[in-house]
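Chemist: Protein chains in written order, with my numbering: chain C, 1 to 377; chain G, 378 to 453.
Have a look at the structure that comes next, please.
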C-alpha cells in the first residue's frame, strides 16, 4: 500500500510519525510505502511566533530540520504538490515528478491574507510569519506611548491569539514602565470579547481590571493609513497609533488552484476526516472546512485519529475510530499566567482562572513540541 | 434565483456559528443566501443581531430537533 502525505507541518509530520510507529513491520517488509511531500526543508513551530513578536523567543528557536523530525522509513521529498489528480490517485509535484498513492492525506495548512482588506497589510503589524513577527517586535520596542488597536479578520489561525497578544502587550509595557502612556484597545468580530462564551466571561472583566478597552462586533473593512483610522463592516471606526492585526486566513493556493475547496478549505467529513466523496483521501489541520479551531492541537488530535485509521485500513481493511472534534488550547493571560480551553463537538470548554503553573507548562510545551512532532507526546 | 450555501456549524464552540457565518459571507455573491446550522440556541439571537448591525438580511430562524437553522442574505 502506498501512503502519500502532502504537507510537512504539524499535522502531516505527526501523522507520518504516528503511522511509521504503527506500521514499522510493514514499512520494513515493503508491504507499505510512505512518502511525504513538503515545501520546506525546515519545520516551523508556528505557536512560537506569538512569543517572537513580544521578544520572548528568537527565530532560530522556531525551527528544526524537517528530516530530523521524521521516523525512519518515511520518504521525504522537499518538492511541493502542484497538481492533485484524485481520479487517477496521483499527485504531481513542482519538479514534475508524479507520485501514485492508495491513501492520500492532505495537510497543506493555511496562509494569512492581510492584502484582502484595503490598507491592512501596509498599515498594521502582525505575527503570522517570522518576518512580520520580528518587525512587530521592533515596533513594540520602539513604541513610547499612544493607542494600540488589535483588530482581526475571520477566519484566523489560533483563535486564542487575539486575547494572548493583548494581555502579553499589557505586561510588556508594564515591565517597561510606560503602561500609563499606552492605551490598549481590543476589537472582536462578534458580540463578546471571545467566541468561546466561557472564555469571554473570564476575559472581559480581566480587560476591565487591566484598563484595556474593547469594542465588539467589529469586523475590519478598511484601514486608512493616512488618517490612522480602522473602519468596521458594522459602520464604526477607531483611531490608532499602532495597529496590530490578526489577518483573515485562506487555505493554500494549491488547494484553490486544484478546485479542491473554496478559499482553500477542503470539504471534510467531521468524524471520518475523509475529503467529502473520497474514501481514500483524508484531510487534517487548517486545511479542512470543519467548524473547529484552526490550531495545532486540532491537527494533532486529527492526525492521531487518521493514523489509527490508516493503520487499520492496512491491517483490517476498515477504519476503527471517529474524530470527536477534540481541541485543546492554552491561553496566555499575560507574561506569567495562563489557562486553557479543552472542548469537542459535544462539550464546551470550562476554563479555570489563569495560574503560573499553566503558564510554565506552556513554556515547557514550547520545547516539548519537538517531541510531539516526532509522535512521542 | 439566489444561490444558497449551507454551513453545518453544529457542535462548533470555537470558532462558533457566527464566526462561521462571517467567514462564509466571503464565499458568496451579493444577493446569495447562507443557511447556518447551529446546535447552540444562543445563535438564534446573536446571529440576527450581527446581521442587523452589519446590514445583511435575516430571512428567518427555525428550530428543528434541537438544531437552529438561521437563514441570511448577503446585501453588500
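No residue lacks a Cβ here, since even glycine has one placed at the ideal position from N, Cα and C.
(1) Checking contacts by CB at 8 Å: is residue 135/C closer than that to chain G?
(2) Measure how close the beta-carbons of residue 153/C and residue 220/C come, nearest whole angstrom, since I'm counting them as under 8 Å.
(3) Taking 7 Å as the limit between beta carbons, can you name the residues of its chain near residue 133/C, skipping five residues before and five after?
(4) Counting only beta-carbon separations shorter than 8 Å, does residue 449/G have a partner in chain C?
(5) Quick one: which unbroken beta strand (DSSP E) runs of 3-plus residues sit fully inside the segment 86-155 of chain C? Chain order, please.
(6) Taking the alpha carbon of residue 363/C as the point to measure from, which residue in 37/C, 35/C, 47/C has its own alpha carbon closest?
(7) What does the Cβ neighbour count give for residue 347/C, buried or exposed, with the cut at 16 atoms within 10 Å?
(8) Output yes if chain C places a C-beta closer than 8 Å to the C-beta of residue 395/G; else output no.
(9) Quick check on DSSP: helix, strand or coil for residue 286/C?
(10) Roughly how far, in whole angstroms, is the beta-carbon of residue 463/C from the beta-carbon of residue 214/C, given that I think they are within contact range, below 8 Å?
(11) Which of the three DSSP states, helix, strand or coil, is assigned to residue 169/C?
(12) Any beta-carbon of chain C closer than 8 Å to the one on residue 409/G?
(13) Could one say the Cβ of residue 385/G lies closer than 8 Å to chain C's Cβ atoms, at least one of them?
(14) Residues of the segment 282-304 of chain C in Cβ contact with chain G at a cutoff of 7 Å, in chain order, please.
(15) For the segment 153-173 of chain C against the segment 323-335 of chain C, do three or more pairs of beta-carbon atoms, one drawn from each stretch, fall closer than 8 Å, so that the two count as touching?
(16) Okay, do the segment 100-116 of chain C and the segment 246-259 of chain C touch, 3+ Cβ pairs below 8 Å being the bar?
(17) Which residues mark the beginning and the end of the alpha helix (DSSP H) in which residue 208/C is found?
(18) So is residue 426/G in contact with chain C if we call contact Cβ pairs under 8 Å?
(19) Could you please give the first and the last residue of the uninterrupted beta strand (DSSP E) stretch that includes residue 370/C?
(20) If you measure beta-carbon to beta-carbon, which residues of the segment 191-220 of chain C are closer than 7 Å to chain G?
(21) Around the C-beta of residue 367/C, are 16 or more other C-beta atoms found within 10 angstroms, so that it is buried, or is it exposed?
(22) Spell out the partners DSSP gives residue 224/C in its beta bridges.
(23) Specify, as a first and last residue, the run of the alpha helix (DSSP H) that residue 300/C falls within.
Modeler: Straight from the coordinates:
(1) Taking the first residue of the first chain as position 1, residue 135/C is located at position 135. Under the 8 Å criterion on CB atoms, residue 135/C is classed as non-interfacial with respect to chain G.
(2) The residue you call residue 153/C lines up with position 153 of the first chain. The residue you call residue 220/C lines up with position 220 of the first chain. Going by Cβ atoms, the distance from residue 153/C to residue 220/C rounds to 6 Å, so yes, they are a contact pair.
(3) Position 133 of the first chain, counted from the first residue, corresponds to residue 133/C. Annotation for residue 133/C: 49, 52, 53, 127 place their beta carbon closer than 7 Å to its own, counting only its chain and skipping 5 residues before and after.
(4) In the second chain, residue 449/G corresponds to position 72, counting from 1. So, not an interface residue.
(5) For the segment 86-155 of chain C, whole beta strand (DSSP E) runs of length 3 or above, ordered along the chain, are 90-93, 98-100, 103-106, 110-112, 146-152.
(6) Along the first chain, read from residue 1 onward, the residue named residue 363/C stands at position 363. Nearest of 37/C, 35/C, 47/C to residue 363/C, Cα basis: 47/C.
(7) For this step, residue 347/C is matched to residue 347 along the first chain. Note on residue 347/C: under 16 other CB atoms within 10 angstroms of its CB, so exposed under the neighbour-count rule.
(8) The sequence position of residue 395/G within the second chain is 18, counting from 1. Between residue 395/G and chain C, the shortest Cβ-Cβ separation is below 8 Å.
(9) Against the first chain, residue 286/C aligns to sequence position 286. If DSSP states are grouped into helix, strand and coil, residue 286/C belongs with the helices.
(10) Since the first and last residues shown for chain C are 1 and 377, residue 463/C lies out of range.
(11) In the first chain, counting from the first residue as 1, residue 169/C sits at position 169. It is helical.
(12) Position 32 of the second chain holds residue 409/G. Not one chain C Cβ lies under 8 Å of residue 409/G.
(13) Mapped onto the second chain, residue 385/G falls at position 8. It does; some Cβ of chain C falls within 8 Å.
(14) Per Cβ criterion, the list reads 291, 292, 293.
(15) The segment 153-173 of chain C and the segment 323-335 of chain C touch, with no fewer than 3 CB-CB distances between them shorter than 8 Å.
(16) The segment 100-116 of chain C, when compared against the segment 246-259 of chain C, does touch it at the 8 Å Cβ threshold.
(17) As a position in the first chain, residue 208/C is number 208, starting the count at 1. Start and end: 197-210.
(18) The residue you call residue 426/G lines up with position 49 of the second chain. It does; some Cβ of chain C falls within 8 Å.
(19) Translated into positions along the first chain, residue 370/C becomes position 370. Residue 370/C: not part of any beta strand (DSSP E); member of the alpha helix (DSSP H) spanning 356-373, first to last residue.
(20) Residues passing the 7 Å Cβ filter: 191, 195, 196, 217, 219.
(21) Within the first chain, the letter at position 367 stands for residue 367/C. Looking at its Cβ environment, which holds fewer than 16 other Cβ atoms inside 10 Å, residue 367/C is exposed.
(22) On the first chain, residue 224/C is found 224 positions in, with the first residue counted as 1. Bridge partners of residue 224/C: 229/C.
(23) Here residue 300/C refers to the residue found at position 300 of the first chain. Per DSSP, residue 300/C belongs to the alpha helix (DSSP H) from 296-315.
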